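Student:
Numbering (the working numbering), first residue to last: 15 to 147.
(1) Straight-line CA distance for residue 141 to residue 135?
(2) Would you say residue 102 touches the ligand PLP, meaning its beta carbon is less than 8 Å from a heavy atom?
(3) Report the CB separation of residue 143 from residue 32 in whole angstroms; it is logged as a contact under 8 Å.
(4) List the whole-angstrom C-beta distance separating residue 125 from residue 66, where the pair is believed to meet the contact cut-off of C-beta under 8 Å.
(5) Report the three-state DSSP secondary structure of residue 35 (helix, strand or coil).
(6) Where residue 138 and residue 118 are concerned, what is the direct C-alpha to C-alpha distance, given to the nearest angstrom?
(7) So is residue 98 buried or exposed if we call it buried at 16+ other beta carbons inside 10 Å?
(8) With a 10 Å radius around its C-beta and 16 neighbouring C-beta atoms as the bar for buried, classify residue 57 as buried or exposed.
(9) Express the C-alpha separation of residue 22 and residue 74 in angstroms, rounding to a whole number.
(10) Evaluate residue 82 with the Cβ neighbour count: other Cβ atoms within 10 Å of its Cβ, from every protein chain shown; 16 or more gives buried, anything less gives exposed.
(11) Compare the C-alpha of residue 104 against each of 77, 127 and 70 and name the closest.
(12) Please report the residue range of the beta strand (DSSP E) in which residue 84 lies.
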């Protein structure tokens, strides 16, 4: 366990080291979130065509922001007959429900699962990148 003052000194003496480690971790977190969400979309809702699952995409945020964007339904899959992009316009209805169907939360469940793992991941990241343990 280190004090706040020790932590601050470590940050001052090793500029950029934590940021580099965070960028790497955000890339891995994006891959993990995408895999979890795609797995969720296999069982509930039940797969019919695979278009919803294939539309799930996660990526680290751009610039100086640390975070991950997880989405489904965008133009990142091939449309009918392999021609052009096709939106999966029903992704939001399946995620949040619409009165006729219950919310499936295939993305939300992935985020909750990853959030539960995040404190341990960040603790290990700080130890490795700053303290060298």
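A virtual CB, placed ideally from N, CA and C, is assigned to each residue, including glycine.
Quantities reported herein were computed from a predicted structural model and do not represent experimental measurements.
Tutor: On the basis of the coordinates in this document:
(1) For the purposes of this step, residue 141 is taken as the residue at position 127 of the chain shown. For the purposes of this step, residue 135 is taken as the residue at position 121 of the chain shown. Approximately 10 Å between the Cα atoms of the pair.
(2) Ligands in the displayed structure: none, and consequently the ligand PLP is not present.
(3) For this step, residue 143 is matched to residue 129 along the chain shown. For this step, residue 32 is matched to residue 18 along the chain shown. About 5 Å separates the two Cβ atoms, so the contact holds.
(4) What you label residue 125 is simply residue 111 of the chain shown in a count that begins at 1. What you label residue 66 is simply residue 52 of the chain shown in a count that begins at 1. Not really, about 17 Å apart at Cβ, beyond 8 Å.
(5) Residue mapping note: residue 35 aligns to position 21 of the chain shown, counting from 1. If DSSP states are grouped into helix, strand and coil, residue 35 belongs with the helices.
(6) Against the chain shown, residue 138 aligns to sequence position 124. Against the chain shown, residue 118 aligns to sequence position 104. In a straight line, the C-alpha of residue 138 is about 32 Å away from that of residue 118.
(7) Position 84 of the chain shown holds residue 98. Reliability fails at residue 98, whose pLDDT of 49 lies under 50, so the model's placement of it is uncertain and no value is given.
(8) Here the question's residue 57 lines up with position 43 in the chain shown. So residue 57 counts as exposed.
(9) Translated into the one-based positions of the chain shown, residue 74 becomes position 60. Translated into the one-based positions of the chain shown, residue 22 becomes position 8. Each residue's alpha carbon lies about 26 Å from the other.
(10) Along the chain shown, read from residue 1 onward, the residue named residue 82 stands at position 68. It is buried - the Cβ of residue 82 has at least 16 other Cβ atoms within 10 Å.
(11) For the purposes of this step, residue 104 is taken as the residue at position 90 of the chain shown. When each option's Cα is compared against that of residue 104, the closest is 70.
(12) Residue numbering aside, residue 84 sits at position 70 when the chain shown is read from its first letter. Per DSSP, residue 84 belongs to the beta strand (DSSP E) from 82-85.
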